[in-house]
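A short write-up of the structure that comes next.
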Amino acid sequence: MLAIIILLPLLFGTGLVSCLSHAPRRLNMLAAISISLSCFGLLLSQSNSVFHGATLLQTWAWLPEIGINFSFRLDALGLLFGLLISGIGTLIFIYAYYYLGEKNSLSKLYGLLMLFMAAMLGISLSNNLIILLVFWELTSISSFLLVAYWHRYDAAQRGSRMALIITGMGGLAMLGGFMLLGQMAGSFQLDQILALGSSLQTQPLFVPALLLILLGAFTKSAQFPFHFWLPNAMAAPTPVSAYLHSATMVKAGIFLVARLLPIFVGFSLFHNLVTLVGLTTFALGAFFAIFKEDLKGLLAYSTISHLGLIMCLLGLGSPLAVAAAIFHILNHATFKAALFMIAGIIDHETGTRSLKKLQGIWYLLPFTGTLTMITASAMAGVPFTNGFLSKEMFFTELVQHLSGFSLILGVAVATLAGIFAVAYSFRLVHGVFFDGEIGEQIPNPHAHEPKLGMRSPIILLASLCILVGIFPAFFAETLVNQVTRASLQLNEFHGAHLAIWHGVNLPLLMSMVALVGGSVFYLRLSRGALIRHIDIEDYLRKLQGKLIFEYLMQQIVYLGRAVKLKTETGKLQHYLFWIISFSIVMLLIPLCSQPLRTGTHLLTQAPWIAIMLWLLLFSACWMMLWFHHERIKAVLISGAVGLVVTLVFVALSAPDLALTQITVDVVTTVLLLMSLSLLPQLTPYESTQTQRWRDAILAIVAGGGVGWISWLILTRDHDSISWFFVQQSLPLGGGSNIVNVILVDFRGFDTFGEITVLGIAALGTLSLMDGMRTHGTTITQGLSYRFNPSPLLVRTTASWVLPIALVVSLYIFMRGHNLPGGGFIAGLITAMALIIQYIALGQDYAEQLLKAKSGRLYEIWIGTGLSIAGITGVLAWLWSHPFLTSAHVYVYLPILGKLHLASAALFDLGVYLTVVGATMLMISVLGDSRHTNISGPIPKE
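Quick note: the sequence shown, position 140, residue 140 per full-length UniProt numbering, numbers continuous.
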């Protein structure tokens, strides 16, 4: 059920909405709402058991050997965030229908919002750190696409890039923290990690893990000094801003800290760092919000401030502080989503969001103004609103946990931040709806209230602000207590008693000072329209986070260009020098502390065949050095080296490797010869005498070093893993050919990755050659290659070769699981047979017979092969086994008798099709003269 909640918006939601791109807009809205409400309903159906202490767990094995499983959990904390994500999302979908104009793609926005919803639900419900990280990065990618929805605007492009870079860097840091945490705990499963509690704090890796994880949380939740990306993401459509700021992306960092509280609480560095960062963010965000000209910019900085408040409470770490944080998460989601939607209405109706232009629009939008008063009061912490209660709890916990000078400083900063919060809330109401008559600068002075459908989500949220503020115990107390219990892994917790009145105390005094001080502060600033002429960014100058970030990015670009100019010379010799030199240095670092002496193994006499092969290999390598400037000879000599290696495999009783080597050698030689037909026949002499000596010394050091390491390994005893495969190949993999069983079973995931890379390489070749054809290229010394029809004798012989080769391929394929062979070798044999047809019949006629014009057939083969291999792996999940787990069975058939069937054969079929498709696609593209634009004289032989 938990996986369905994530998959609904991830697959069904994005796919359905995308399919409805040309459907009526109302149908798009209904589809999106139905999906989000389905998620909300599924979560709500589990609320009774979860809020009574139950935790739902669901796990599917994926890569259990390295601790990565599709594992999900639903406790009170995950349920709260899931309900917020899907519930607020439903309201946003309704609002977006009315907000977005006819010229903008509603289905595109819904599809991206669905993707984002799925990512946030994945974070909330994940029970595995690595899976959580995947969804975490998916939020960064989807938010990047959402912020850049209006991609034609420079502000959207800059804001989306900034958000992606900052949150992406935090995600990389968090990955390191998760790795360390998993290493300490011995598992990536959250339930197992949280069960260890504070015992992890004694381990030496705990501090770096804590700092890296907090870095990821701070960047995602826009904590100081990473706060600047959030206001710059305001180029997104207002429904996106409302969703990201109220219930989703910026709350992800908050959720992560709350989720990991059981292992963080009690560690002084955590409490001090998170409390300090949160309190600083609370104050700075509130201060900057007062002076923002853009309405959404003001709300963005207020979001930063409230996120700092929540983070500070989590840093305090006590049960009541966590309860206050949970309560404010709920309250912030209600009033901030409503305020952003109100900002969208104002922009939608008046045509501007500028606070310098907006004034006196109460007469145009009285109902919207009333909703603004209610929700802005909740944001300011005015009594009888939900924001007042959670801010009171914040002040209370701050006073109780601090002492001495830190108490004085904390109370002063928190009260000052409260004053700023009241001031920017006051400005939001007074500066927009009152503060004089309607200004002439408003683009649309005849604005009117929007449709009821656009206002209905705001009405619901504003009503909650009042109802929770007046009846907190009825609406929120049980929820807050249960989520607090789940966050801190407590057996029971009923300590948070939500009430309007707690008596006369210091927190109440702080609230009153904030309300009165904030009102007076704003009124003094607004006198003579002073606040409209203050630009805080002018005072900060180069200290703005955005400018610092852009300066650092610029310096990185300059550094990258400088490195590129020094290293990207276009000379292969230069690149190889640095690669080999770096490899030597990296190998010397661990080897310096090792005894590099010959081992104790007795030496055996080399047989004459080994000596002959060694001399042949030495001669081929020497000839390569001598003739490497003549490209055709170099390719043929490299083929000879491959042939010697094949003979070595035969001598060492490795027939599978020998078959693979010889087939790969033949195909790559053909590919290289065809590629070289587009290049000059001679490589220019670019080395000086000094460079030749340098390269010779480097080659001797590298080759001698590798030889010496090989010698050291061969003369020493070592534990080999080969005996495991020898013993388990038949009982576990169902095959006696150990090499093939390793490829399609034990290391099937690696093989799947390799054939994927092979397919990508073939498609890359097609793209490159298409680019040469489209844009044109000047090759003045190359020879255009083309398969032309051969003489009759060759064509007749080739007609016999193809069926025989296909029979041999089938034989090699079928025997591969128990005898030397397999899909890879069979694919290369088939490819060689088809190449012979190209040579004999000519490419045009051969492709006409195969119906493979322009390589389209080969692309289908690649896709089919990868699909078969992937589906074979996925089918294992139906039997609750890890991805690509193979199965085998013996069946008895009449006449044929006992047959051994293995699912690995299907995977091998995917390998076969991919290899044939990729090889032939590259051959076809390289042999097609239409993909080249040859100009200039063709050199004579």
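C-beta atoms are modelled at their ideal positions from N, C-alpha and C, and glycine is treated no differently. Model, not experiment: these values are computed from the prediction.
Measure the C-alpha to C-alpha separation of leucine 100 and alanine 236 and round it to an integer number of angstroms. For the purposes of this step, residue 100 is taken as residue 100 along the sequence shown, with counting starting at 1. For the purposes of this step, residue 236 is taken as residue 236 along the sequence shown, with counting starting at 1. If you take the alpha carbons of leucine 100 and alanine 236, they lie about 12 angstroms apart.
Just reading off the beta strand (DSSP E) that asparagine 69 is part of, what are its end residues? By 1-based counting over the sequence shown, the position of residue 69 is 69. Here the beta strand (DSSP E) through asparagine 69 covers 68-74.
Going by Cα to Cα distance, which pick from Ala412, Leu926, Tyr149 and Val277 is closest to leucine 509? Counting from one through the sequence shown, the residue named residue 509 turns up at place 509. That would be Ala412, whose Cα lies nearest to the Cα of leucine 509.
Hey, alanine 343 and threonine 248: beta-carbon distance below 8 angstroms or not? Counting from one through the sequence shown, the residue named residue 343 turns up at place 343. Counting from one through the sequence shown, the residue named residue 248 turns up at place 248. No; because the gap between Cβ atoms is not below 8 angstroms, this pair is not in contact.
Taking the alpha-carbon positions, what's the glycine 733 to valine 250 distance? Residue 733 sits at position 733 when you count from the first residue of the sequence shown. Residue 250 sits at position 250 when you count from the first residue of the sequence shown. Glycine 733 and valine 250: Cα-Cα distance of roughly 48 angstroms.
Where are the alpha helix (DSSP H) runs, 4 residues long or more, that stay fully inside the stretch 637-698, in chain order? Within the stretch 637-698, the complete alpha helix (DSSP H) runs of at least 4 residues are 655-676.
Would phenylalanine 724 be called buried (16 or more neighbouring beta carbons within 10 Å of its own) or exposed? Translated into the one-based positions of the sequence shown, residue 724 becomes position 724. Phenylalanine 724 is exposed by the Cβ-count criterion.
Per-residue burial, isoleucine 860 [other beta carbons within 10 Å of its own, 16 or more giving buried]: Position 860 of the sequence shown, counted from the first residue, corresponds to residue 860. So isoleucine 860 ends up on the exposed side.
Assign isoleucine 700 to one of two classes, buried (16 or more other C-beta atoms within 10 Å of its C-beta) or exposed (fewer than that). For the purposes of this step, residue 700 is taken as residue 700 along the sequence shown, with counting starting at 1. With fewer than 16 other Cβ atoms inside 10 Å of its own Cβ, isoleucine 700 counts as exposed.
Excluding sequence positions up to five away, which residues of its chain have a Cβ less than 7 angstroms from the Cβ of phenylalanine 135? Sequence index remark: in the sequence shown, residue 135 carries index 135 (1-based). Correct list, in chain order: Ala119, Gly122, Ile123 and Ser126.
Considering only the beta carbon of each residue, do isoleucine 408 and alanine 514 sit closer than 8 angstroms? Along the sequence shown, read from residue 1 onward, the residue named residue 408 stands at position 408. Along the sequence shown, read from residue 1 onward, the residue named residue 514 stands at position 514. No.
Taking the C-alpha atoms as reference points, what is the distance between leucine 743 and methionine 832? Residue mapping note: residue 743 aligns to position 743 of the sequence shown, counting from 1. Residue mapping note: residue 832 aligns to position 832 of the sequence shown, counting from 1. Here the alpha carbon of leucine 743 sits roughly 22 angstroms from the alpha carbon of methionine 832.
Give a yes or no on whether 8 angstroms exceeds the smallest Cβ distance from glycine 639 to chain B. Of the chains in the structure shown, none is chain B; there is only one protein chain.
Please identify the residue among Ile637, Phe206, Val480 and Ala606 whose C-alpha is closest to the C-alpha of serine 619. Along the sequence shown, read from residue 1 onward, the residue named residue 619 stands at position 619. A check of alpha carbon separations from serine 619 across Ile637, Phe206, Val480 and Ala606 identifies Ile637 as the nearest.
Residues that tryptophan 60 bridges to, as DSSP identifies them: On the sequence shown, residue 60 is found 60 positions in, with the first residue counted as 1. The partner list for tryptophan 60 (beta bridge, DSSP) reads Phe70.
Does the stretch 59-73 come into contact with the stretch 419-437, if we say contact requires no fewer than three beta-carbon pairs (one atom in each stretch) closer than 8 angstroms? With contact defined as three or more Cβ pairs closer than 8 angstroms, the stretch 59-73 and the stretch 419-437 are not in contact.
Write down the C-beta distance between threonine 313 and alanine 300 rounded to the nearest angstrom, noting that I regard them as a contact closer than 8 angstroms. Locating residue 313 in the sequence shown gives position 313, counting from the first residue. Locating residue 300 in the sequence shown gives position 300, counting from the first residue. Strictly speaking, residue 313 in this sequence is leucine, with threonine absent from that position. With a Cβ gap of about 21 angstroms, leucine 313 and alanine 300 do not count as contacting.
Run through the DSSP bridge pairs and tell me what residue 955 is partnered with. Shown here, the chain extends from 1 to 941; a query on residue 955 therefore has no answer.
Assign proline 231 to buried or exposed, taking buried as 16 or more other Cβ atoms, counted over all protein chains shown, within 10 Å of its Cβ. Walking along the sequence shown from the start, residue 231 turns up at place 231. It is buried - the Cβ of proline 231 has at least 16 other Cβ atoms within 10 Å.
Check the C-beta distance from alanine 185 over to leucine 200 and give it rounded, since I have them as a contact under 8 angstroms. Here the question's residue 185 lines up with position 185 in the sequence shown. Here the question's residue 200 lines up with position 200 in the sequence shown. Correct: roughly 6 angstroms between the Cβ atoms.
Starting from the Cα of leucine 269, find the closest Cα among Phe287, Thr334, His227 and Thr202 and give me that residue. One-based indexing of the sequence shown puts residue 269 at position 269. The residue with the shortest Cα to Cα distance from leucine 269 is Thr202.
Delimiting residues of the alpha helix (DSSP H) encompassing serine 124: One-based indexing of the sequence shown puts residue 124 at position 124. Its alpha helix (DSSP H) spans residues 106-125.
Buried or exposed by the 16-neighbour rule on C-beta atoms within 10 Å, applied to proline 939: On the sequence shown, residue 939 is found 939 positions in, with the first residue counted as 1. Bear in mind that a pLDDT of 37 at proline 939, under 50, signals an unreliable position, so the model cannot answer this.
Coarse secondary structure for glutamate 437, derived from DSSP in three states: Residue mapping note: residue 437 aligns to position 437 of the sequence shown, counting from 1. If DSSP states are grouped into helix, strand and coil, glutamate 437 belongs with coil.
Would the beta-carbon of serine 38 fall within 8 angstroms of that of leucine 80? Your numbering for residue 38 matches position 38 in the sequence shown. Your numbering for residue 80 matches position 80 in the sequence shown. Contact: no.
By Cβ distance below 8 angstroms, which residues in the same chain neighbour leucine 371 in space, the five residues on each side in sequence not counted? Taking the first residue of the sequence shown as 1, we reach residue 371 at position 371. Excluding residues within five positions, the ones whose Cβ falls inside 8 angstroms are Ala338, Ile342, Arg455, Ile458, Ile459 and Ala462.
Who are serine 354's beta bridge partners in DSSP? Start at 1 with the first residue of the sequence shown, and residue 354 comes out as number 354. Answer by DSSP bridge pairing, in chain order: Asp294.
What's the call for methionine 1, buried or exposed, on a 16-neighbour Cβ count within 10 Å? Taking the sequence shown and counting its residues from 1, the one referred to as residue 1 is at position 1. Result: exposed.
In the DSSP output, which residue or residues are listed as bridge partners for asparagine 128? On the sequence shown, position 128 is the one that residue 128 refers to. Looking at the DSSP output, asparagine 128 sits in a beta bridge with Gln189.
Kindly indicate which three-state DSSP category glutamate 630 falls into: helix, strand or coil? Sequence index remark: in the sequence shown, residue 630 carries index 630 (1-based). Annotated three-state conformation of glutamate 630 is strand, per DSSP.
N-terminal and C-terminal residue of the alpha helix (DSSP H) that methionine 512 is part of: Residue numbering aside, residue 512 sits at position 512 when the sequence shown is read from its first letter. Start and end: 506-526.
How long is the line joining the alpha carbons of threonine 567 and histidine 574, rounded to whole angstroms? In the sequence shown, counting from the first residue as 1, residue 567 sits at position 567. In the sequence shown, counting from the first residue as 1, residue 574 sits at position 574. The straight-line gap from Cα to Cα measures roughly 8 angstroms.
Any idea what DSSP makes of glutamate 449, helix, strand or coil? Looking up residue 449 in the sequence shown gives position 449. DSSP places glutamate 449 outside both helix and strand once states are collapsed to three, so it counts as coil.
Pairwise C-alpha distance: glycine 759 and isoleucine 751: Stepping through the sequence shown from its first residue, residue 751 is reached at position 751. Stepping through the sequence shown from its first residue, residue 759 is reached at position 759. A quick correction: the sequence has threonine, not isoleucine, at residue 751. Spanning the two alpha carbons is a distance of roughly 12 angstroms.
Own chain partners of phenylalanine 749 with C-beta closer than 6 angstroms, once the 5 adjacent residues on each side are dropped: Taking the sequence shown and counting its residues from 1, one reaches residue 749 at position 749. In chain order, Leu884 place their CB closer than 6 angstroms to the CB of phenylalanine 749, counting only its own chain and leaving out the 5 sequence neighbours on each side.
Quick check: what's the CA-CA separation for arginine 353 versus leucine 42? By one-based count along the sequence shown, residue 353 stands at place 353. By one-based count along the sequence shown, residue 42 stands at place 42. C-alpha separation (whole angstroms): 38 angstroms.
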